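Counting from 1, position 185 in the sequence shown corresponds to residue 185 in the numbering used here; the numbering is continuous, with no gaps. A virtual CB, placed ideally from N, CA and C, is assigned to each residue, including glycine. Quick caveat, the model's predicted, so the values are computed rather than measured.
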Amino acid sequence: MEGVSLKSRAIAFAMCAGAVAFILAVAAASEGTLTIESGGRALIAAVICGVMCWASAERSIAATAGAIDAAIERLAAAAHGDLQSKIPEEVERCVPPLAKAMDGLFHQLHENLESVQRLAMFDPVTALANRTNFRRTAERMLAELPQGEKAVLYFIDLDRFKTVNDTMGHASGDALLGMVANRLRAVGDRFAAEGLSARR
Numbered sequence: 001m002e003g004v005s006l007k008s009r010a011i012a013f014a015m016c017a018g019a020v021a022f023i024l025a026v027a028a029a030s031e032g033t034l035t036i037e038s039g040g041r042a043l044i045a046a047v048i049c050g051v052m053c054w055a056s057a058e059r060s061i062a063a064t065a066g067a068i069d070a071a072i073e074r075l076a077a078a079a080h081g082d083l084q085s086k087i088p089e090e091v092e093r094c095v096p097p098l099a100k101a102m103d104g105l106f107h108q109l110h111e112n113l114e115s116v117q118r119l120a121m122f123d124p125v126t127a128l129a130n131r132t133n134f135r136r137t138a139e140r141m142l143a144e145l146p147q148g149e150k151a152v153l154y155f156i157d158l159d160r161f162k163t164v165n166d167t168m169g170h171a172s173g174d175a176l177l178g179m180v181a182n183r184l185r186a187v188g189d190r191f192a193a194e195g196l197s198a199r200r
């Protein structure tokens, strides 16, 4: 049934229901012999049954079509960067598998974008700001510095670090860089906290 639209399925269902109603009405009204009168009554019952089935299917199609329209709008919003908004209620109600798939897709996209952001702005070994991030942050902080205020930048070098890499391997060198970064971060956090408390 792949490639068959909801509308054509509904039409086929209504026609089948009408045919079944016609056969049952003929069997019930004819008493063994089919006359024009009994055939007419059976045809009326079949038409009424078919129309009711079609109306019911049309209502279902309309609800599903509304849900699909809402899903399209939500996907368009996601294409413009909105990965946080909820999936529309009509999609969750009428097409639960689609709602679940969209939710999973947006969640995965959001995680991937965060991962890309981390990789683009932070060093994977030390988790400190990389050169691009550091430069942007420093430029912003210098631009926000009040007139007449001074700023200081410390440059720290690790002596004989190449020896660690050469003798113990790059994994050990990365571990050492991570430990140094954690200590520098702790010292920086402590001085930042002391600076805030001194201003108060």
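In the DSSP assignment, E144 falls within the alpha helix (DSSP H) that extends over R131 to E144. In this structure, G50 places its C-beta atom within 8 Å of the C-beta atom of A17. Distances from the CA of L24 to each of A46, A99 and D82 were compared; the closest alpha carbon is that of A46. Counting C-beta pairs closer than 8 Å gives three or more between the region 75–89 and the region 104–121, which meets the contact rule.
DSSP places R93 in the uninterrupted alpha helix (DSSP H) bounded by E89 to C94. Secondary structure at F155: coil, using DSSP grouped into helix, strand and coil. Excluding residues up to 5 positions away in sequence, P88 lie with their Cβ nearer than 8 Å to the Cβ of E73 in the same chain. P124 has its alpha-carbon roughly 42 Å from the corresponding atom of E90.
Between D159 and the set E144, F22 and L176, the nearest pair of CA atoms involves L176. Boundaries of the alpha helix (DSSP H) harbouring T163: F161 to M168, taken from the DSSP string.
Separation of E139 and E149 (C-alpha to C-alpha, rounded to the nearest whole angstrom) is 15 Å. Sixteen is the threshold: since fewer than 16 other Cβ atoms of the shown chains lie within 10 Å of the Cβ of A79, the residue is exposed. Minimum Cα-Cα distance from C94 among the listed residues R118, L128, A71 and R41 corresponds to A71. Within the same chain, no residue comes within 8 Å of V152 by CB-CB distance, once the 5 residues on both sides are set aside. Between the alpha carbons of V164 and H170 lies a gap of roughly 8 Å. Judged by beta-carbon spacing, A21 lies beyond the 8 Å limit of W54, meaning their Cβ atoms are not closer than that value. Of the other Cβ atoms in all chains shown, 16 or more fall within 10 Å of the Cβ of G173; this residue is therefore buried. Among the bridge pairs identified by DSSP, F122 is matched with A129.
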